[in-house]
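Heads up: the structure comes next, in structure tokens.
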Amino acid sequence: MRHFQVGDARITRISELNLDGVDAAFLYPSVDPEQVRIGARPLSAGSFDPSTGTLRQSIHTWLVEIGGLTVLIDTGTGNDKQRPTMPPLDQLKEPYLERLARAGVQLDDVDAVLMTHVHADHVGWNTRLQNGAWVPTFPHARYLASGVELDYGAAVDADDEAKANALRQVADLGPMSHLPAAGIYTDSVAPVSSAGLIERVKVGEGEVLPGFSYHSLPGHSIDHAAILLNSNGHHALFWGDVLHHPVQVTATEWNSVFCEFPDAAVTARRKALAWAADTGATVFTTHFAESSAGRVTRDGDAFVWTFIEGTVA
Ligand SMILES: [Zn+2]
6 MRHFQVGDAR ITRISELNLD GVDAAFLYPS VDPEQVRIGA RPLSAGSFDP
56 STGTLRQSIH TWLVEIGGLT VLIDTGTGND KQRPTMPPLD QLKEPYLERL
106 ARAGVQLDDV DAVLMTHVHA DHVGWNTRLQ NGAWVPTFPH ARYLASGVEL
156 DYGAAVDADD EAKANALRQV ADLGPMSHLP AAGIYTDSVA PVSSAGLIER
206 VKVGEGEVLP GFSYHSLPGH SIDHAAILLN SNGHHALFWG DVLHHPVQVT
256 ATEWNSVFCE FPDAAVTARR KALAWAADTG ATVFTTHFAE SSAGRVTRDG
306 DAFVWTFIEG TVA
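As structure tokens, then:
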């Protein structure tokens, strides 16, 4: 288990899946896969396997313990979720909750769940299957997400094209490449909402918990946000899915197959990288493998990523 200290916060990675052998042509469908492999070649073997030319990624969540609060940033994919269009995520049986327990956290201990966006691999452990029904996994937690993300997820699942269109018009993110996968709101958000545990966030409007704030980086999804923790002037930036792999740090124009609004996603990616470089924030990714955390610096007009190791215990 890997820990990081940022100000007063102790931050622990809770692993869910290691994704090895990811095909460049799958992850970046609009890019020549040979270009991706050339871009990835300088990376270490933890992120790129030169023998197969495939990428390595991860799905994990971040446990933040600060000031007596126990906070989870995103909740991975979850077990038992039917995701037939995403085979690596379909009906998982992963010991994620056991790993959380090994970090000293029981289900009742979680005070808040902060979601960067409502996609399958970020909200899954919001709920778990009990006696055939989806119930909130963390019964004492407040679950926070962008109100726009919540409404959009609900509209997609309800096939309410008029509502989805109206939300897109307000968001004004340029062309859309695809809708998010259906069914996620229904099994991973609606049961939490029914239990009265959801809190709608207006992204960009101040602190949602002491030290924690949401920052608008839309494009990957309609109201995708980074979550920033400021502790005594030290910054931890949980940037969600603005980047899916370190190869994009230099190739900022490459969008993943999961990015819904391509132009806006590129803008958000560059904004996040610039912000991380200028503040020296410790960045906590959702899909980088290796230590999954690092720092961004500048080299002329380009950005450079450096993993930081934290402590392993
Ligand atoms: Zn993701």
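In this note's numbering, the protein residues as written are 6 to 318.
Even glycine gets a Cβ: it sits at the ideal position worked out from N, Cα and C.
Since this is a predicted model, take the numbers as computed values, not measurements.
Could you check whether the Cβ of Asp156 sits closer than 6 Å to any heavy atom belonging to ligand 1?
Not under cutoff, so the answer is no.
Tell me, to the nearest whole angstrom, how far the beta carbon of Val123 is from that of Ala146; I am working on the premise that it is less than 8 Å.
Actually they are not in contact, since the Cβ atoms of Val123 and Ala146 sit about 16 Å apart, beyond 8 Å.
By a C-beta neighbour count over all protein chains shown, 10 Å radius and 16 as the cutoff for buried, is Met120 buried or exposed?
Residue burial annotation: Met120 is buried, with at least 16 other C-beta atoms found within 10 angstroms of its C-beta.
Do you know offhand how far Asp25's Cα is from Arg7's?
19 Å
In the DSSP assignment, the beta strand (DSSP E) including Ile78 goes from what residue to what residue?
Leu74 to Ile78
Counting C-beta neighbours from all protein chains within 10 Å, is the total for Lys86 16 or more, i.e. buried, or is it exposed?
Here Lys86 is buried: its Cβ has 16 or more other Cβ atoms, across all protein chains shown, within 10 Å.
Have a look at Asn23 and Val69 and give me their C-alpha separation to the nearest angstrom.
21 Å
What's the C-alpha gap between Trp259 and Ala167?
30 Å
Just checking my contact of Thr82 with Leu97 at CB under 8 Å: how many whole Å lie between their CB atoms?
Contact flag correct, Cβ pair sits at about 6 Å.
Tell me the DSSP bridge mates of Arg205?
Ala150
Is Asp79 near ligand 1 - that is, is its Cβ less than 6 Å away from at least one heavy atom of it?
no
In chain order, each alpha helix (DSSP H) run of at least 4 residues that lies wholly inside the region 208-255
none
Cβ atoms of Thr57 and Ile19: under 7 Å apart, would you say?
No; because the gap between Cβ atoms is not below 7 Å, this pair is not in contact.
Reducing DSSP to helix, strand and coil, say where Ser199 ends up.
helix
Across the region 219-230 and the region 251-258, are there enough close Cβ pairs to call them in contact, namely three or more that are closer than 8 Å?
no
Do you know offhand how far His240's Cα is from Ala318's?
23 Å
Please indicate yes or no: does the CB of Asp246 lie closer than 6 Å to some heavy atom of ligand 1?
yes
For ligand 3, any of its heavy atoms closer than 6 Å to the Cβ of Asp126?
Looking for ligand 3 in the displayed structure turns up nothing; the ligands present are ligand 1.
Whose CA, out of Glu314, Ser296, Gly285 and Asp268, lies closest to the CA of Thr302?
Gly285
Beta-carbon proximity check, Val27 vs Leu48, cutoff 7 Å
no
Buried or exposed: where does Asp156 fall if 16 or more other Cβ atoms within 10 Å of its Cβ makes it buried?
A buried status is given to Asp156, since no fewer than 16 other beta-carbon atoms sit within 10 Å of its beta-carbon.
If I'm right that Val197 touches Asn131 with Cβ under 8 Å, what's the distance once you round it to whole angstroms?
5 Å
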